[in-house]
Amino acid sequence: MSYALGHVPPSRPLTPSPSQNQSYRLPLDSRAQLRQRQFSIGGPLSIMSTSPYSNNTPTSQLAWQASFSTNFNEMTPEEKFFRKTSIIATIGPKTNNVDTLVALADAGMNIVRMNFSHGSYEYHQSVIDNARAAAAKSPNGRPLAIALDTKGPEIRTGLMKDDADVPIDAGHEFWITTDKSFAESGTKEQIYMDYTNLPKVTAPGKVIYVDDGVLSLQVISIDGEKIRVKSLNSGNLSSRKGVNLPKTAVDLPPLSEKDKADLAFGVKNGVDMVFASFIRSGNDVKEIRKVLGTEGANIKIIVKIENEQGVTNFDEILRETDGVMVARGDLGIEIPASQVFVAQKMMIAKCNVAGKPVICATQMLESMTYNPRPTRAEVSDVANAVMDGADCVMLSGETAKGKYPIEAVKMMAETAYLAERSIAYPHLFDQLRSLTPRPTETAETLALSAVAAAMEQDAGAIIVLSTSGVSARLLSKYRPECPIICVTRNQQTARQLHLSRGVYPVWYPEPRGIPGDKWQIDVDNRIRYGLRVALQLSIVKPEATVMAVQGWKGGLGHTNTLRILSVPADPADLDLHSIERDE
């Protein structure tokens, strides 16, 4: 049976199920039985059935969670490929070698992050080269994406005299100046900050945080280029420390000259995405696109929301960006720490409704920088981010400088996997569908229908053919329980699809240029190839039911066809058919 808006007859051996006027039951996906055992995170559930819409299915997330069992040991080698949430790992000198990157990828790393607040171009070039060598060497053959994280428009203190740390006591008063002549001669009585407009944007009574809030300085008065402040706590005045201005509208440009040079380096090296720091408005995103230019037009822009302006202007930023990172480090200084979780949940929910990828970052397994086991609160933080709807979770110092980088990735992978199993997918799907504005575009209508059909059929997977990755991202928006296998000829698209939860990218190496009358053979070859890779990774099982989403002709924007197929039991049926090309 082929559900299609265009006429695309199915071809053997990808045999569709019997015709619609017959009484039949599709072969039960063997993964459905596996899923039934795992609904409770390891224990069988008497209230569950293999049908998500059974009368016995919990009707809410609360009822679902009340049915949990904790009878779970450790992830099996098979189960590590069932995880839908991608893991971003920051690479530092300790992990910047091919063998370690291979081990990190095998443990669950999907995206390599380069932090351009530190390191030379020579160093970052070595990360790119090593990451690509690791991807080629990886035993599972999965793509590995590369992300460039910009330094952003930061405010910092100048140098202290003799580069010394100067202790001050609570109540101590001193001057802050924006006069560059004092940039390298800070003392206990006066320090430099590199934001020229600071005296114009702050006011008496406001607070200035230095060094991630280690020092809290209250503004007393303003005199030209100088600001009189009082320290609210004891601490040290040190060189080149970061400065935060909570409750203050900062007018810094979205990109510094260093950022522009860094983006040019990223374009030259073909990075897959940019994590843009300290984004405050939709215009900031437009400015970054302008700097990336035509050569970097396909690079995904992921905005980092790190201040109150970004939270306030979130809706306009979301309209312009390709994705969002909830960067809780600076955000927890710019807004009260007790409110960070509210901002996190709001931003994740809005990204889910918009169908745009969202990343949760900062201090997720921070204690594993030095300890082999995380705190229980950290594990719960990772799990709650996944259950909130994060597409990706990120490690920073844990993998950049930590003693246990591989263990940290494994812990994050297992936690994310179990959190995914804790989600009431039918209930979530109904919520997402009800919040989708109508009428929908054809591609989104098809994605929504494919996810609904996958639940009705207990499908083992949805396989989608896509050039740009848009169809796969739309499928991810509706959060199917089964994996989404996206087959694409575009290598960068394959890497970028790690941003979308549940998408398993498969790069199809055969070149384009298929004759028009052989187009359907090529379509079925790509489906065969995707299923073959999925079988190798144990993502699907032989004879499982799969939904196949494709276009009615080649090129962008033609996705409109849904076919219901079964995975062949005979591996020979997945051999690719030869296609004679025009000379």
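Using my numbering, the letters of the sequence shown correspond one by one to residues 702 to 1284.
Note that beta-carbon positions come from the ideal geometry of N, C-alpha and C, so glycine has one too.
Inset, instruction - Would you check if the distance between the CB atom of A790 and the CB atom of A835 is smaller than 9 Å? - result: no
Inset, instruction - Enumerate in chain order the residues of its own chain whose CB-to-CB distance from E926 is below 8 Å, with the five nearest sequence positions on each side excluded. - result: T878, T879, D880, P900
Legend entry - Contact set for L918: own chain, Cβ-Cβ below 8 Å, skip 5 residues either direction: I877, V908, I909, Y910, V911, V930, K931, S932, L933
Inset, instruction - Could you tell me if D1271 is buried or exposed, where buried requires 16 or more neighbouring beta carbons within 10 angstroms of its beta carbon? - result: exposed
Inset, instruction - Grab me the residues of S922's own chain with a C-beta within less than 7 Å of its C-beta, minus the 5 sequence neighbours each way, in chain order. - result: P905, R929
Legend entry - Beta-carbon proximity of N1053 to R1180, cut-off 9 Å: yes
Legend entry - Beta-carbon proximity check, S957 vs G853, cutoff 9 Å: yes
Inset, instruction - Can you check the stretch 838-917 for any alpha helix (DSSP H) of at least 4 residues that lies completely inside it and give the ranges in chain order? - result: 899-902
Legend entry - Cβ shell of G967 (< 6 Å), same chain only, five flanking positions each side left out: L849
Inset, instruction - Taking all protein chains shown into account, decide if D973 is buried (16 or more other Cβ within 10 angstroms of its Cβ) or exposed. - result: buried
Inset, instruction - Could you tell me whether the stretch 1018-1028 touches the stretch 973-988, where touching means 3 or more Cβ pairs closer than 8 Å? - result: yes
Inset, instruction - Could you name each continuous beta strand (DSSP E) segment of 3 residues or more that falls completely within the stretch 1184-1238, going from the start of the chain to the end? - result: 1185-1189, 1204-1208
Inset, instruction - Counting only the same chain and skipping the five closest in sequence on each side, list residues whose C-beta sits under 7 Å from that of L1275. - result: R1229, L1232, R1233, P1269
Inset, instruction - Using the DSSP secondary-structure output, state which residues sit across from T1146 in a beta bridge. - result: None; T1146 has no bridge partner.
Inset, instruction - Have a look at R1202 and V1059 and give me their C-alpha separation to the nearest angstrom. - result: 9 Å
Inset, instruction - Starting from F1015, trace the alpha helix (DSSP H) both ways and give me its first and last residue. - result: 1015-1021
Inset, instruction - Quick one: residues in its chain with C-beta nearer than 6 Å to the C-beta of L1136, no 5 flanking neighbours on either side, listed in chain order? - result: V1054
Inset, instruction - For S787, name the three-state secondary structure that DSSP assigns. - result: strand
Legend entry - Rounded distance between the beta-carbons of M894 and E1115, thought under 8 Å: Going by Cβ atoms, the distance from E1115 to M894 rounds to 44 Å, so no, they are not a contact pair.
Legend entry - Cβ-based neighbour list, I792, same chain, cut-off 6 Å, excluding 5 preceding and 5 following: V813, V828
Inset, instruction - Given a cut-off of 9 Å, decide if Q1064 and S1097 are closer than it, judged by their beta-carbon atoms. - result: yes
Legend entry - Y725 (DSSP reduced to helix, strand or coil): Low confidence applies to Y725: its pLDDT is 29, below 50, so where it sits in the model is not reliable, and the reading given next is rough at best. Y725 falls in the coil class under three-state DSSP.
Inset, instruction - Return the chain-ordered ranges of every beta strand (DSSP E) run that is complete within the stretch 1083-1120 and spans a minimum of 3 residues. - result: 1093-1096
Inset, instruction - Pick helix, strand or coil for Q1064, following the three-state DSSP scheme. - result: coil
Inset, instruction - Could you check if Q734 is buried or exposed, using at least 16 other CB atoms within 10 Å of its CB as the buried criterion? - result: Its pLDDT being 37, under 50, Q734 is placed unreliably in this model, and the coordinates cannot settle the point.
Inset, instruction - Take every Cβ of the stretch 1237-1255, pair it with every Cβ of the stretch 1151-1167, and state whether three or more of those distances are shorter than 8 Å. - result: yes
Legend entry - Identity of the residue in E1099, V1043, S1081, R1139 nearest Y1118 by Cα: S1081
Inset, instruction - Compute the beta-carbon to beta-carbon distance between S839 and V803, rounded to the nearest angstrom, for a pair I have assumed lies under 8 Å. - result: 6 Å
Inset, instruction - Could you tell me whether any Cβ in chain D is nearer than 9 Å to the Cβ of P854? - result: Checking the listed chains, one finds no chain D in this structure; it contains a single protein chain.
Inset, instruction - Return yes when the Cβ of G971 is within less than 9 Å of the Cβ of K1001, no when it is not. - result: no
Legend entry - Option nearest L993 by Cα separation, candidates F976, R981, G936: F976
Inset, instruction - Determine the direct distance from the alpha carbon of P778 to that of A1078, and round the result to whole angstroms. - result: 26 Å
Legend entry - For N1008, the first and last residue of its enclosing alpha helix (DSSP H): It is not in any alpha helix (DSSP H) - N1008 carries neither H nor E in the DSSP assignment.
Legend entry - Sheet register partners of K927 (DSSP bridge): T878, D924
Legend entry - With 16 other Cβ atoms within 10 Å as the buried cut-off, status of A1273: exposed
Legend entry - Option in A1038, P868, N898, G887 with minimal Cα separation from G1286: Because the chain is modelled from 702 through 1284, residue 1286 falls outside the range shown and cannot be assessed.
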